[in-house]
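**Student:** If you scroll down you'll find the structure; I have some questions about it.
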Amino acid sequence: MNCLKCSCGCDKLSKEELEQIINSSDRVKDFLKNETARSVFRRLTYPEEDESQPSGSRQRPVGKRPKPQAIKYLELIEKCEELMKKADLSDEAVEELANHRYMDMELAERLDESTAANRTEVLEAIVREYSNRLCETECYKKFISKLVKAHEGKLKIEK
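Mapping to full-length UniProt numbering: the sequence shown position 39 is 39, numbers consecutive.
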């Protein structure tokens, strides 16, 4: 008998791990701190990121599908956090982030105009803004509902 496997990996998580991810997803800040939650979200939202579609049609041409807005937001958040962790707030690194193709123009200008003294503050503001945008996306809402369903399924199997 063949079992269906979930592409996001939630089927490999215990009910406790699912509970932890669901609870961390209530607050985006907690979600971003949870590496497993981000990984499952990424695989669910944009599976097989590096692979092309095997066949095409008028509605879906051959090639990589467009990256969802939620993944773009997550990438920007991760880039900002990476800069803050490395304490690499050099003009070069900040300029590269400001010129990122998914960066909002207003936020990019604010980052460009920042000084070494207030750069961390500006990066934190960018993380807050994109965190809010992330939790408002349909992808994020579907992610939470899918995890809740997976958790309920594990509880039913256990009973």
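For every residue, glycine included, the Cβ atom is placed at its ideal position computed from N, Cα and C.
Taking C-beta to C-beta, are Arg15 and His151 nearer than 8 Å?
**Tutor:** Looking at the sequence provided, one finds Lys at residue 15 rather than Arg. Cβ distance < 8 Å, so Lys15 and His151 count as in contact.
**Student:** What is the rounded straight-line gap between the Cα of Leu97 and the Cα of Met103?
**Tutor:** 8 Å
**Student:** Do Thr45 and Phe143 have their beta-carbon atoms positioned less than 8 Å apart in this structure?
**Tutor:** In contact: Phe143 and Thr45 (Cβ atoms closer than 8 Å).
**Student:** Check Thr36 in the structure and name its three-state DSSP category.
**Tutor:** Secondary structure at Thr36: helix, using DSSP grouped into helix, strand and coil.
**Student:** For Ala116, is the classification buried or exposed, using 16 other Cβ atoms within 10 angstroms of its Cβ as the cut-off for buried?
**Tutor:** Exposed: under 16 other Cβ atoms inside 10 Å.
**Student:** How many Å lie between Lys72 and Leu107 at the Cα?
**Tutor:** Cα to Cα, Lys72 sits roughly 15 Å from Leu107.
**Student:** For a quick check, are the C-beta atoms of Cys139 and Pro68 less than 8 Å apart?
**Tutor:** yes
**Student:** Between Lys79, Val40, Arg42, Asp26, which has its C-alpha nearest Ile126's C-alpha?
**Tutor:** Lys79
**Student:** Report the residue from Leu111, Ile22, Leu74 whose alpha carbon sits nearest the alpha carbon of Ser131.
**Tutor:** Leu74
**Student:** Would you mind reading off the limits of the alpha helix (DSSP H) that contains Asn120?
**Tutor:** At residue 120 the sequence reads Thr, which differs from the Asn that was named. Its alpha helix (DSSP H) spans residues 119–136.
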